[in-house]
Amino acid sequence: MTDKPGPTTRLATHTNDELYCRDAALVGELMGNVTFTELMFMQVMGRTPTPGDVKILDAVLVTLMEHGLTPSVIAARLTYHSAPEALQAAMAAGLLNVGSQFIGTMENAAKLLVACLENEDGFDVAARRAVQALRETRQPLPGFGHHLHKPDDPRTPKLFEIALTQEGIDGRYIDAMKRLSAIVDEELGRHLTINATGAVAAVLLEIGIEPKIMRGFAVVSRAGGLLAHIREEQENPTARHIWDVVEESIPYTGKAPGKGT
Numbered sequence: 000m001t002d003k004p005g006p007t008t009r010l011a012t013h014t015n016d017e018l019y020c021r022d023a024a025l026v027g028e029l030m031g032n033v034t035f036t037e038l039m040f041m042q043v044m045g046r047t048p049t050p051g052d053v054k055i056l057d058a059v060l061v062t063l064m065e066h067g068l069t070p071s072v073i074a075a076r077l078t079y080h081s082a083p084e085a086l087q088a089a090m091a092a093g094l095l096n097v098g099s100q101f102i103g104t105m106e107n108a109a110k111l112l113v114a115c116l117e118n119e120d121g122f123d124v125a126a127r128r129a130v131q132a133l134r135e136t137r138q139p140l141p142g143f144g145h146h147l148h149k150p151d152d153p154r155t156p157k158l159f160e161i162a163l164t165q166e167g168i169d170g171r172y173i174d175a176m177k178r179l180s181a182i183v184d185e186e187l188g189r190h191l192t193i194n195a196t197g198a199v200a201a202v203l204l205e206i207g208i209e210p211k212i213m214r215g216f217a218v219v220s221r222a223g224g225l226l227a228h229i230r231e232e233q234e235n236p237t238a239r240h241i242w243d244v245v246e247e248s249i250p251y252t253g254k255a256p257g258k259g260t
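According to numbering that gives the first Met the number 0, the stretch in the sequence shown is residues 0 to 260, in order.
In structure tokens:
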């Protein structure tokens, strides 16, 4: 009977005198010499990033960090109000809202792009069929539409511009996203913007990041924004006001004594 090899890791190890990330010495090589973005890319992707990789990933992280009092922020602020002794709980509550409806929608947008590009019937046919299927089932079009940024999301062309000026980026996925956008508009009979997460999907694909891990970068980015909101909550609390607004705005309609009808 052959012994089955045990699991291994290539991410990190340590000795008494040094720590290692992907075989690079943390103290001797990395600290003071690489940025957080560079090391994160190296750890996640298993290769040293090019300057273009770093430029694009930095732009994505900056893009997704902040968007005001969003559901993730509200969750973080209310959780901090409930448990101010556990800042990490408030951070975690906010990050749990990075999903398929908000912030993390680049995952499904990227999957759609890749599926259409790889379809044997050709991109246009596959894209049109996918858009029609989503509409028939009343599902949102991942990477499209925004309740505030109309007719266009200003972050999208800037992300494309940054990516296309980097060496080694051929624009295949950006071109595909623009073509998908044209098909979406044709099918809807109106313009629907490529939102920031749709743009993020395209530019992350350009640097070899797979759809299945894209949402993780959104989590990392939004964590920075949430920390800022929690600090503001410490200095200028809003959670109690948010709670009061909800209580006042959503009336009880049951038949409890003295309530409702």
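Heads up, the beta-carbon is just placed ideally off N, CA and C, and yes, glycines get one too.
As the structure is a computational prediction, the values presented were derived from the model and not from experiment.
Spatial distance of residue i from residue j (CA atoms)
{"i": "H13", "j": "Q138", "result": "48 angstroms"}
{"i": "F40", "j": "T237", "result": "36 angstroms"}
{"i": "N118", "j": "K110", "result": "12 angstroms"}
{"i": "G215", "j": "G51", "result": "20 angstroms"}
{"i": "T192", "j": "K3", "result": "52 angstroms"}
{"i": "E186", "j": "A198", "result": "20 angstroms"}
{"i": "E160", "j": "V130", "result": "26 angstroms"}
{"i": "M143", "j": "R128", "result": "The question names Met, but residue 143 is Phe in the sequence shown. Distance between the alpha carbons of F143 and R128: 16 angstroms."}
{"i": "R239", "j": "S220", "result": "26 angstroms"}
{"i": "A91", "j": "R9", "result": "27 angstroms"}
Identity of the residues DSSP links to residue i by a beta bridge
{"i": "T12", "result": "Y19"}
{"i": "F143", "result": "I193"}
Helix, strand or coil at residue i according to DSSP, with G and I counted as helix
{"i": "I208", "result": "coil"}
{"i": "I241", "result": "helix"}
{"i": "A24", "result": "strand"}
{"i": "I193", "result": "strand"}
{"i": "P250", "result": "coil"}
{"i": "R134", "result": "helix"}
{"i": "G31", "result": "coil"}
{"i": "I168", "result": "coil"}
{"i": "T7", "result": "coil"}
{"i": "G98", "result": "strand"}
{"i": "T260", "result": "Per-residue confidence for T260 stands at a pLDDT of 49, beneath the threshold of 50, marking its modelled position as unreliable; no derived number is given."}
{"i": "A255", "result": "coil"}
Spatially closest choice to residue i from the options, by CA coordinates
{"i": "R189", "options": "D151, A175, A24", "result": "D151"}
{"i": "L179", "options": "D169, E166, L116, C20", "result": "L116"}
{"i": "A200", "options": "P83, E185, A217, E186", "result": "A217"}
{"i": "G207", "options": "T69, V113, R9", "result": "V113"}
{"i": "N15", "options": "R21, F35, L25", "result": "L25"}
{"i": "V124", "options": "A175, E28, E37", "result": "A175"}
{"i": "M64", "options": "W242, A227, G121, V53", "result": "A227"}
{"i": "S71", "options": "V244, A255, H240, A222", "result": "A222"}
{"i": "P83", "options": "D243, G253, Q233", "result": "Q233"}
{"i": "K211", "options": "E106, V202, H145, W242", "result": "E106"}
Start and end residues, alpha helix (DSSP H) containing residue i
{"i": "D57", "result": "50-63"}
{"i": "S180", "result": "171-187"}
{"i": "E106", "result": "105-117"}
{"i": "R46", "result": "Looking at the DSSP string, R46 is not in any alpha helix (DSSP H), and its letter there is neither H nor E."}
{"i": "L77", "result": "70-81"}
{"i": "E160", "result": "154-163"}
Chain C within 7 angstroms of residue i, Cβ atoms only
{"i": "D174", "result": "Within the model displayed, chain C is absent; a lone protein chain is all it includes."}
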